[in-house]
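Numbering (the working numbering), first residue to last: 18 to 589.
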């Protein structure tokens, strides 16, 4: 998630996700800085993608014949990163996954498929995974992609000097913790055999979801010249130059700050060439401006801003079915007044005070579904109402909890933090009104979208901070482990939730091979999360992309990843 999280990527032994999308993560993944697109809504609607009659759809006339002008992905700000090791938001990683191919990917049907890895297998208890790589994969400059390339790239991403917020994804690997702490010269659990063209990964504990985990862009290979780019300044220089990748597209010039990230067909690509030779990812300062540009005929795609859903879906071609995404507020579990067992009542009050249905109707035209838990419908193991009564609007009961808690007069205003440019103001205004009504002092704190999540990840950064999560792959593990296990502190665990009972059950779930047993444990872990009210969930997303008449074959999967390489442009 990623916030985000992320791409279009044979199911292996011990890995049988039931990927039946009932209707995106991660990282923003939105993710963020830019839009945290959409939220689920009710049962699956087979007619959710289409164009209603009677509108004035964008035609795409006058736009370059060989270039898709995209105003959807970077609609709210520059991404914070597009380097695979650091791209921790949905909008940034959407660009990343076109430039880089990993071992596996999740395709537009939400199924795990091979990418650079032709096949994989595991031992009986899913602690050792061997990936056999294709032998025809190179970077756009001709450098061969080998098993050693992957190992070196993974060690770069886990380098303590780089301090990636995504580093925790590597921690299941044997020896990864020691390497990340500077106590080892290599990740001992990763063995690269270039002669056999295999990459063997030994995990500290069983993890049957591992082939899906490595579909995350943080596991993508980078060329040798990037190995030394590990400081913030070096990363910035690398990704804002012309990065070299192994994906279907290559950078067509530098990332032009606040203007565009241009991509062109990678002529050295091992796979099928994309149908559209060029993509310009236009960068806007806010969703409304990007949408207006689309309506004015300046672009081929856009993200539907708040309040425009009904009109947009009646007027334009659209992809607005359910995604695997959550809109939520992290709450600081270390805060003197908000965190810990002694302040449980106020966290429960905050959750009960928020009028989720009002938010959905006023801010999203009814496009989203009020969340009754963290894990959205469509993810294997989904169970309704794990949050229980505390995700049901009840102002009177919430006010009673605040009075019972008895500390409202002692505290400074709760900082209600949100990222600018993502169209969150209407939501935050309602939340402020709701919390004020039950006697809690609140102060809105709008922050720059480009740096927002970097700020929220540090100790003391998040108070009550808005966030979104797009699943990186359709697995319970991706959301619950990343967002709430204590290993995610200083990373995606923005609220710094730290409850040993939760970690114990989550770790057991991750190590369980039987899918039914595994998901029962994930349900138990999520119930523990809500017993401690470690998160304030608001809604589940829908995809919210509109596109011009000349665009054909556009699909947005459950992970909010657009199938850019398979799309095409009709001739004018």
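Ideal Cβ placement from N, Cα and C applies to all residues, glycine included.
Exercise. Name the one or two DSSP bridge partners that residue 342 has.
Key: The secondary-structure analysis by DSSP pairs residue 342 across a beta bridge with 487.
Quiz item: Going by other Cβ atoms of all chains shown within 10 Å of its Cβ, with 16 needed for buried, is residue 322 buried or exposed?
Solution: Label assigned to residue 322: buried.
Quiz item: Taking the continuous beta strand (DSSP E) assigned at residue 117, which residues delimit it?
Solution: First-last for residue 117: undefined, no H or E at that position.
Quiz item: Just how far apart, CA to CA, sit residue 476 and residue 157?
Solution: Approximately 40 Å between the Cα atoms of the pair.
Exercise. Use the C-beta contact count for residue 79: other C-beta atoms within 10 angstroms, 16 or more gives buried, fewer gives exposed.
Key: Under the 10 Å beta carbon count, residue 79 is surrounded by fewer than 16 other beta carbons and is classified as exposed.
Quiz item: Is residue 576 helix, strand or coil when you go by DSSP?
Solution: Note: residue 576 maps to coil in three-state DSSP.
Quiz item: Would you call the segment 368-382 and the segment 458-474 touching, i.e. three or more CB-CB distances under 8 Å?
Solution: Judged by Cβ distances under 8 Å, the segment 368-382 makes no contact with the segment 458-474, as fewer than three pairs qualify.
Practice problem: Measure the alpha-carbon distance for residue 7 versus residue 149 and round it to whole angstroms. | Solution: Here the chain covers residues 18 to 589 and nothing more, so residue 7 does not appear.
Quiz item: Which whole-angstrom value describes the C-beta separation of residue 392 and residue 399, a residue pair presumed to lie in contact below a C-beta threshold of 8 Å?
Solution: Contact annotation, residue 392 with residue 399: C-beta distance approximately 6 Å; criterion of less than 8 Å satisfied.
Quiz prompt | Other residues of its chain near residue 569: CB distance less than 8 Å, five sequence neighbours each side excluded | solution = Closer than 8 Å at the Cβ level, and outside the excluded window around residue 569, lie 584, 585, 586 and 587.
Practice problem: Report buried or exposed for residue 517, applying the criterion of at least 16 other Cβ atoms within 10 angstroms of its Cβ. | Solution: By the beta-carbon neighbour count (other beta carbons within 10 angstroms, threshold 16), residue 517 is exposed.
Quiz prompt | residue 150: first and last residue of the uninterrupted beta strand (DSSP E) it sits in | solution = Its beta strand (DSSP E) spans residues 145-150.
Practice problem: Would you please state the rounded distance, in angstroms, between the beta carbons of residue 279 and residue 170? I believe it to be under 8 Å. | Solution: Actually they are not in contact, since the Cβ atoms of residue 279 and residue 170 sit about 24 Å apart, beyond 8 Å.
Exercise. Give the straight-line distance between the Cα atoms of residue 132 and residue 473, rounded to the nearest whole angstrom.
Key: Spanning the two alpha carbons is a distance of roughly 33 Å.
Self-check item: Contacts around residue 72, its chain only, beta-carbon distance under 7 Å, and the 5 residues preceding and following it disregarded
Solution: For residue 72, the predicted model reports a pLDDT of 35, less than 50, meaning its position is unreliable and no value from the coordinates is stated.
Quiz prompt | Where residue 350 sits in the DSSP three-state scheme | solution = Coil.
Quiz item: Under 8 Å, do residue 118 and residue 304 count as touching if we go by C-beta distance?
Solution: The Cβ-Cβ distance between residue 118 and residue 304 does not fall below 8 Å.
Quiz item: In three-state DSSP terms, what is residue 170?
Solution: It is helical.
Quiz item: Tell me the DSSP bridge mates of residue 137?
Solution: Checking the DSSP bridge columns, you'll see residue 137 partnered with 148.
Self-check item: C-alpha gap between residue 324 and residue 552, whole angstroms
Solution: Each residue's Cα considered, the two are about 26 Å apart.
Self-check item: Distance, residue 75 Cα to residue 394 Cα
Solution: Pairing residue 394 with residue 75, the inter-Cα distance amounts to about 32 Å.
Self-check item: Cβ separation of residue 105 and residue 435, assumed to be a contact under 8 Å, to the nearest whole Å
Solution: Contact between residue 105 and residue 435 is absent: CB atoms are separated by about 18 Å, not below the 8 Å threshold.
Exercise. Following the continuous beta strand (DSSP E) through residue 638, name the residue where it begins and the one where it ends.
Key: Not covered by the structure: residue 638. The range shown for the chain is 18 to 589.
Quiz item: Under a three-way DSSP split, which group does residue 110 fall into?
Solution: Three-state result, residue 110: helix.
Quiz prompt | Which residues DSSP lists as bridging residue 556, in chain order | solution = Its beta-bridge partners are 344 and 387.
Exercise. Determine the DSSP secondary structure at residue 404, reduced to helix, strand or coil.
Key: Residue 404: coil per DSSP, three-state reduction.
Quiz item: Mapping DSSP to helix, strand and coil, what is residue 561?
Solution: The answer is coil: DSSP assigns residue 561 none of H, G, I, E or B.
Practice problem: May I ask you to report which of helix, strand or coil DSSP gives residue 458? | Solution: The answer is coil: DSSP assigns residue 458 none of H, G, I, E or B.
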